[in-house]
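2 protein chains.
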Amino acid sequence: MGKQQKNAISPTRAEDYPEWYQQVIKASDMAERSPVRGCMVIKPWGYTLWENIVAHMDGMFKATGVKNAYFPLFIPVSFLEKEAEHVEGFAKECAVVTHHRLEQGDGGKLIPGGPLTEPLVVRPTSETIIGDSFSKWVSSYRDLPLLINQWANVVRWEMRTRIFLRTSEFLWQEGHTAHATNAEAIERTGMMLEVYARMVEDYLAMPVIKGRKTAAERFPGAVDTLCIEAMMQDRKALQAGTSHFLGQNFAKASNIRFQTENETEEFAWTTSWGTSTRMIGGMIMTHADDDGVIMPPRVAPAHVVLLPIFRTPEDRRQVMDYVQKLAAALREITYCHRPVVVEIDDRDIGGARGWDWIKKGIPLRVEIGPRDMAQDSVFVGRRDHAHRDKKAMPREAFVAEVTAILDDIQNNLFQRALLVREENTRQVDNRKDFYAWFTPKNMEKPEIHGGFALSHWCGDRACEATIKEDLNVTIRCIPLDASAESGQCICCGKPSERRVVFAKAY
Amino acid sequence: MGKQQKNAISPTRAEDYPEWYQQVIKASDMAERSPVRGCMVIKPWGYTLWENIVAHMDGMFKATGVKNAYFPLFIPVSFLEKEAEHVEGFAKECAVVTHHRLEQGDGGKLIPGGPLTEPLVVRPTSETIIGDSFSKWVSSYRDLPLLINQWANVVRWEMRTRIFLRTSEFLWQEGHTAHATNAEAIERTGMMLEVYARMVEDYLAMPVIKGRKTAAERFPGAVDTLCIEAMMQDRKALQAGTSHFLGQNFAKASNIRFQTENETEEFAWTTSWGTSTRMIGGMIMTHADDDGVIMPPRVAPAHVVLLPIFRTPEDRRQVMDYVQKLAAALREITYCHRPVVVEIDDRDIGGARGWDWIKKGIPLRVEIGPRDMAQDSVFVGRRDHAHRDKKAMPREAFVAEVTAILDDIQNNLFQRALLVREENTRQVDNRKDFYAWFTPKNMEKPEIHGGFALSHWCGDRACEATIKEDLNVTIRCIPLDASAESGQCICCGKPSERRVVFAKAY
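Keeping their order, the protein sequence lines are chains U and A. Numbers -8 to 497, taken from the working numbering, label the letters of the first sequence in order. Numbers -8 to 497, taken from the working numbering, label the letters of the second sequence in order.
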C-alpha cells in the first residue's frame, strides 16, 4: 500500500469529511452498523477504549463521593408525563414496549401478544424513574445529599444516525443527585462539569470550552444546563458532556421531599449530568487523520504493537523470543494507572500489517528484525506525527522512555487540537462578517466554513432563532469564563454584555 | 435492639424462609422492588458488590483471551426465529417494542405512535444478534477462534419475580465464541465452566457441583449445557452459571461459515456462557443468617466499618482523629487486588448503628472509644460467627492481621456452606426413600425437605418427567466427576450407570 497510495483512508478529510469519518471507523475496526435500525455494534477495539474511559471517569466520580446504582430499563409512560417539558422533549423519539410475549399469528408468523396495561418506554434518560426511588430514599435532611450514578444503555429513536455520534441506542453514564439547598445543587452541577472537562481534556486530549446553554438549548425540564464544547476538524462543534441544575422541577414531579433541620418540609434540589459513547466520536473527529484513527495514549486500547520481522524459521524463533521478552519488560511498566498494554502481531501479511495498526491509531509501532536484534535496538514509529519517519532506538532506551514518549504523544495531540480551535475561532463583530464566516467558501464542500465565532448576543431568543434559521448556526454556550464586555448583538444590534460561542454543531 | 430482640431479621429462616429472604435484602439496603413490574433497583450497597464480582470475573475472562464488545439491545423477531428451539424457549417471555414514539391520544393521554414495520424484542439473550455479527467477522480459519463477551442488561418477562433470583430485567455477562473445530468449542465450554466454578467458590464462597444438564433442562438450541449448582440454606439448588456447547446449530442459523485450511467451507462451532445478578441471590441465601446478609470479604462492598464512640465534643475530636488515622493505615493495605475498603460511621444513633452494619454483612466492625484509644487498642466484631462476641485487639496487631482475618472469614464461610451441603446430601437408592427424602417433614414448612439426593437414573426422559410431576424435583446435573457405578433407576428400576443430582430448585 505504502507507495501506490498516499493515504490509508479514502476519501480524505478534504475530499468528503462525513464519508471520511465512516471510513476511518471502518478501517479502525472500532464499531459497525448493526442490522437493527440506528443501533451500532461496538467491536473489541472500540469497546476497550470505552472501558478505559469508564474506568477513569468512574474513579473521578467516586472521588467526589458519588456511588453507582442501577435502575430499571423501562419507564412507565405515566412517569415520563410527570414533568411537562421533559416528556415533550423525549416523546417523539421513544422505543415503546407494548407487549410481553410473541405468539403465533396467521401463517405461523410470530406476532406481539400479551398487551401491557400501560405501555413502557425504554429509558431515553432516567430522571423520572430515579426520581421515584429518590422520593422513597429521602425523608430527612440527614439523607442528603444523595449522590448516585448509573452506567447504562439508553435509547433515543433518531431518524438520522451516525456511529458513536448519534445512534438509537448508546452507552452512557447518568449522574443524579439530590440536595438540601439550592446552593449545594448548583455547586454540584459545576463540580461535575469540571470533572467532565478534566476527563475530556486530560484523557481524550480534546480542548473544551466550558459554558452555559441558552434557554432554547437547555435539557427539557432543567433550570440551567452547563456543557463542554469541542471543535472538530471540520470546525463544527461537538457537545461532549452536559450537567444540569434541575432546581425543584423534578423533585416536585417525583415528590422528593425532606424535613429540614428546622422541621419544615421542603422539596429537594436536584441535578443530573451525562456523557456517552458520543465522546468517542468526538475523539475520532478531533485527532484522526487521513491515515485513520489516532488514540490518545491515556485511553488507548493498547499502547505498543511489536512487529517481528523474519524470513527464515530460525529467524522467527529468535526474533519471537526477543519480542516476547521485550513485551514482558514493557508490561512491567505502569502508565496512567494501568500496565503498558502490548500487542504482538506476527501475522505474515507484509506491509498491510503496519498499516492496520496505523489505521487503528495505536500510539507506538515497534519493528524488530534480526538486524535490530543484533544491535539490541528497535525501530519505532509514533502515531502522533509523520508516521513514516520511523526511528531506531536502543531497546533499553525505548523501555526506559516509553512512558515519557506516550506522555509526549498525549500532549502533542492536545496541543495540536488546541491550535486547530484557536486558528478557527474569531471574534466577529458585525452581521455581514458573521454571515460570511459561516458561509462555506466552496459550495462543493459545505462543511468548510470559518469555525467558531465569538460574538455578542443581546439575550433575545428571536435573534438566536433567526441565526439558526438563516445559517444553521446555534449558540453553543455562554462561556463560564467570559468577562463582561459591552458590544452590540450580532443579529439585532441591541446592546450586549458578553460574547457567546456561535457554531455549526453535531 | 440488642436485648429486646433476639435477631435482627423477622421472620427467621426457620419461621418463613421466602419472607426472610425478602427481609434480609431490605435490611441490607442492597436492592428493592421498582414500580416497573418485575424490575429491581440495585442500590449502592448491592451494586458495589456487583462491581466487585464483575471486576474479578472480567479479569478471569480476559486471562483466557476473551475480549469485551457490545451488541444491540434490540433483536428483530425474524432473527430470533432463525433457530427453532431457541425462539420456542424465549417467545413466551419477551418484552416487545412495537412503536417508536408517543403521541397525543384521546383526552391528551399519550399513546404509542409510529408503528415499526418489524417488531423488536428486548434481548433475552444474544445468540442470534451476535451470530449475525460473527457471520460478517468470520470468513477464514485465520479469523478463529473468536472470543467475545458482553456485559449487559437482558429482559425475560417473568410472571413470578424475586429480587436477584428472578427479575424481568437483570444484569449479566454473556460470552459467545466461535471455533474452527468441534473439539476446540467443547474445550472452551468446559474452560468457562471452570472459570465460573472458581469465581463462585473462591470469591462468593459458595461450593458448587459442576455437571451437565439432561436434554430436558438444556438451553434452547444447545447441544450440551454444563452448569454449576449450589445448595441454599433451605436445601434447594440454585444454578449459578451455565456454559453451552452449541455445536453448529447457531452457526447454521446465523450463517457463520469459514474457509478451512484445506480450502473447504465449514460452519463454525460455537459456545455461549452466562452468569448474572442471580449469583447475588445465591450468595445471600448461602451465607445470610437471621441477623442479615453476610458478605464474603473478597467481594464485599466494604471490608471494615469503624465506629467511633464518644460522649463529649472533646472526645469526639480526639476519637475521630484516631479513627481517621486508622482508616488511612488500613486503606494502604491491599486485599484481593484492591485497597482495603473502610467506612467510618459517626452517626449518633445508638445501638442501631452497629446493627445496621451487621444487617449489611460487612466483614469487620471496629469500635473505638476514648478508653480503647488510651490503650491503643480496638474492639473487633466479625460477621462470620457469633458477632456479639467482640474482641479487644492492639490496634497495631489488627492492622497487621486484617488481611489474614478477612481470609479466615472467607474460608469459614466456604467451609460452613460446604458442611451444609454435605449434611443435606445423601445417596438414595430406593424409590420409597427418595419420595420420603423430598417430602416436607412438616406440612406447614414445605421448604424443609431432605436436600440433594444422589440417585441413579436410567437416562429416560419419562422417569425425569414423572419425578418432576410428583415431587417438583429435577435432575440438577449429571456431575462431571461422577464415576461409573452400576445401579437401578430411582424411578423405573432399570439399569443405570451413574448417579445424578436430584433436587428442588430455584
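Glycine is no exception: its CB is placed at the ideal position from the N, C-alpha and C atoms.
Tell me whether Q309 (chain A) sits in a helix, a strand or coil according to DSSP, three-state version.
helix
Do V491 (chain U) and W448 (chain U) have their C-beta atoms closer together than 7 Å?
yes
Rounded to whole angstroms, what's the CA-CA distance from T216 (chain A) to K204 (chain A)? Just pull it up for me.
5 Å
Restricting to runs no shorter than 4 residues, where is the alpha helix (DSSP H) found entirely within the segment 189 to 230 of chain A?
none
Within a Cβ cutoff of 8 Å, which residues of the same chain sit near N403 (chain A), ignoring the five residues on either side of it in sequence?
D375 and H376
Nearest residue (CA-CA) to R61 (chain A), options A:E76, A:D134, A:F70 and A:N144
The residue you asked about is not Arg; residue 61 (chain A) is Tyr in the sequence shown. The residue with the shortest Cα to Cα distance from Y61 (chain A) is A:N144.
Measure how close the beta-carbons of R344 (chain U) and V369 (chain U) come, nearest whole angstrom, since I'm counting them as under 8 Å.
About 16 Å separates the two Cβ atoms, so there is no contact after all.
Would I340 (chain A) be called buried (16 or more neighbouring beta carbons within 10 Å of its own) or exposed?
exposed
Residue ranges of each alpha helix (DSSP H) run of no fewer than 4 residues wholly in the segment 89 to 154 of chain U, ordered along the chain?
118 to 128
Among all the DSSP beta bridges, which residues are the ones paired with K382 (chain A)?
A:V371
Beta carbon proximity, I33 (chain U) to chain A, threshold 7 Å:
yes
Please name the residue, chosen from U:K351, U:I335, U:R417 and U:A206, that lies closest to A456 (chain U) on a Cα-to-Cα basis.
U:A206
For the segment 53 to 85 of chain A, enumerate the residues whose C-beta is nearer than 8 Å to any C-beta of chain U, in chain order.
K58, N59, A60, Y61, F62, P63, L64, F65, I66, P67, V68, F70, L71, E72, V78, A82, K83, E84 and C85
From what residue to what residue does the beta strand (DSSP E) around A494 (chain U) run?
R490 to A494
Given this structure, state the Cα-to-Cα distance separating D123 (chain U) from E257 (chain U), to the nearest angstrom.
16 Å
Counterpart residues of H235 (chain A) in DSSP-defined beta bridges
A:T216 and A:S263
For T251 (chain U) and I139 (chain U), I'd like the C-alpha separation in whole angstroms.
21 Å
I'd like to know if L101 (chain A) contacts chain U, where contact means its C-beta is closer than 7 Å to some C-beta of that chain.
yes
Would you kindly report the start and end of the unbroken alpha helix (DSSP H) that includes W346 (chain A)?
A343 to K351
Quick check: the Cα distance between M(-8) (chain A) and K350 (chain A), rounded to an integer number of angstroms?
Any reading at M(-8) (chain A) needs caution, since the residue's pLDDT is 40, under 50, leaving its predicted position unreliable; the model's value is listed next. Roughly 13 Å between the two C-alpha positions.
Where are the alpha helix (DSSP H) runs, 4 residues long or more, that stay fully inside the segment 29 to 64 of chain A, in chain order?
35 to 54
So, for N463 (chain A): in the same chain, excluding its five sequence neighbours on each side, which residues have a beta-carbon less than 7 Å away from its beta-carbon?
K495
Proximal residues, the segment 144 to 158 of chain U versus chain A, C-beta separation under 8 Å:
N144, V146 and W148
Cα separation between D225 (chain U) and D280 (chain U)?
12 Å
Are the CB atoms of I66 (chain A) and V112 (chain A) nearer to each other than 7 Å?
yes
For S487 (chain U), list the residues DSSP reports as bridge partners.
U:G478
Using the three-state DSSP reduction, which class does F429 (chain A) fall into: helix, strand or coil?
coil
Please name the residue in U:E76, U:V32, U:R489 and U:M21 whose C-alpha comes closest to that of E118 (chain U).
U:E76
Rounding to the nearest angstrom, what Cα-Cα distance links F70 (chain A) and M183 (chain U) in this structure?
41 Å
From R322 (chain U) to I353 (chain U), what does the alpha carbon distance come to, in whole angstroms?
16 Å
Among U:E74, U:R153 and U:Y132, which one has its Cα closest to the Cα of P9 (chain U)?
U:R153
Sort out for me which residues DSSP pairs Y8 (chain A) with in a bridge.
Its beta-bridge partners do not exist; DSSP assigns none.
By the criterion of Cβ-Cβ separation under 9 Å, what are the contact partners of E118 (chain U) in chain A?
Neighbours of E118 (chain U) on chain A: none; closest Cβ ~14 Å, over 9 Å.
Measure the C-alpha to C-alpha separation of D461 (chain A) and S234 (chain A) and round it to an integer number of angstroms.
29 Å
So which residues of chain U does H90 (chain A) contact, with C-beta pairs closer than 7 Å?
V87 and T89
V310 (chain U) and M384 (chain U) look like a contact to me (Cβ under 8 Å); what is the Cβ gap, rounded to whole Å?
That belief does not hold up - the Cβ atoms of V310 (chain U) and M384 (chain U) are roughly 17 Å apart, past 8 Å.
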